[in-house]
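Protein chains in written order, with the numbering used here: chain A, 404 to 525; chain B, 1234 to 1343.
Right under this line is the structure:
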């Protein structure tokens, strides 16, 4: 049972990046997928989540516009795409699964990816 | 600046106990369940505690969680060198309609 994330990315400002998070060892549809990021020297920041059955995303307020969550259920993979990259997007991005049978008040994240480093530099 | 407040670091000798606090408010810890995570260098974060005080299966009972009011606590007893790492708390904030996390605490075994 694991979430395997794609490798590190080095991008220039204004470019786009698409990070993948492949699930294995469990029923992909049994959980939602969340995304969080950790900027250098900072704590974890909630980005939002996606319903792995319907593909409907829910974004935290700070992550609307340039950030897009998607899923491809044929390959049990969730994606995070970031467009118009800025220096402040430099961070490690993590996916994790959330129990879809629970209300958000009860959520916990029992399986995480190892993170994808995104560096935005001229 | 994290919504939940944790001490930046704690340290203790092997075999001793460390306590990590996670302070919030009535809109988050005060009304939602807290979970705790361990993040060791180069690894995926690991869930230790969920629903305030439930220890995940397979996690040593040296780890325990509790909550009182708007604060939660993670205790690690019988500290071991393998426990060195970063620990953070998380819960749902109803006012923000978002998951919130603590800033994380670095545990050092002296």
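From the three backbone atoms N, C-alpha and C, an ideal C-beta is built for every residue, glycine too.
Bridge partner(s) assigned by DSSP for residue i
i                       : result
residue 1332 of chain B : B/1325
residue 1251 of chain B : B/1309
residue 438 of chain A  : A/451, A/498
residue 1269 of chain B : B/1282, B/1322
residue 1298 of chain B : B/1307
residue 526 of chain A  : Residue 526 of chain A lies beyond the range of chain A shown here (404 to 525); nothing can be said about it.
residue 520 of chain A  : A/495
Residue i - containing beta strand (DSSP E), residue span
i                       : result
residue 474 of chain A  : 470-475
residue 451 of chain A  : 447-453
residue 431 of chain A  : Premise fails: residue 431 of chain A is in no beta strand (DSSP E) and is neither H nor E.
residue 461 of chain A  : 460-462
residue 406 of chain A  : 405-408
residue 1245 of chain B : 1242-1245
Member of the options whose CA lies at the smallest distance from the CA of residue i
i                       : options                        : result
residue 414 of chain A  : A/407, A/408, A/422            : A/422
residue 1266 of chain B : A/506, A/411, A/525            : A/506
residue 464 of chain A  : B/1333, B/1241, B/1273, B/1256 : B/1333
residue 457 of chain A  : A/408, A/435, A/439            : A/435
residue 1278 of chain B : A/525, A/512, A/523            : A/512
residue 437 of chain A  : A/452, A/524, A/431            : A/452
residue 509 of chain A  : B/1315, B/1242, B/1269, B/1317 : B/1269
residue 1240 of chain B : B/1249, B/1255, B/1248         : B/1255
residue 1258 of chain B : B/1247, B/1343, B/1300, B/1292 : B/1300
residue 1321 of chain B : B/1252, B/1314, B/1313         : B/1252
residue 487 of chain A  : A/478, A/433, A/466, A/428     : A/466
residue 1302 of chain B : B/1250, B/1244, B/1261, B/1275 : B/1261
residue 408 of chain A  : A/469, A/455, A/427            : A/427
residue 448 of chain A  : A/494, A/517, A/500            : A/494
residue 470 of chain A  : A/418, A/477, A/443            : A/418
Buried or exposed (CB count within 10 angstroms, at least 16 for buried), residue i
i                       : result
residue 1294 of chain B : exposed
residue 1306 of chain B : buried
residue 475 of chain A  : exposed
residue 1343 of chain B : exposed
residue 1274 of chain B : exposed
residue 439 of chain A  : buried
residue 1324 of chain B : buried
Check whether residue i and residue j have beta carbons under 8 Å apart
i                       : j                       : result
residue 1317 of chain B : residue 1338 of chain B : no
residue 480 of chain A  : residue 412 of chain A  : no
residue 406 of chain A  : residue 515 of chain A  : yes
residue 1248 of chain B : residue 1311 of chain B : yes
residue 519 of chain A  : residue 496 of chain A  : yes
residue 446 of chain A  : residue 1290 of chain B : no
residue 525 of chain A  : residue 416 of chain A  : yes
residue 1286 of chain B : residue 1297 of chain B : yes
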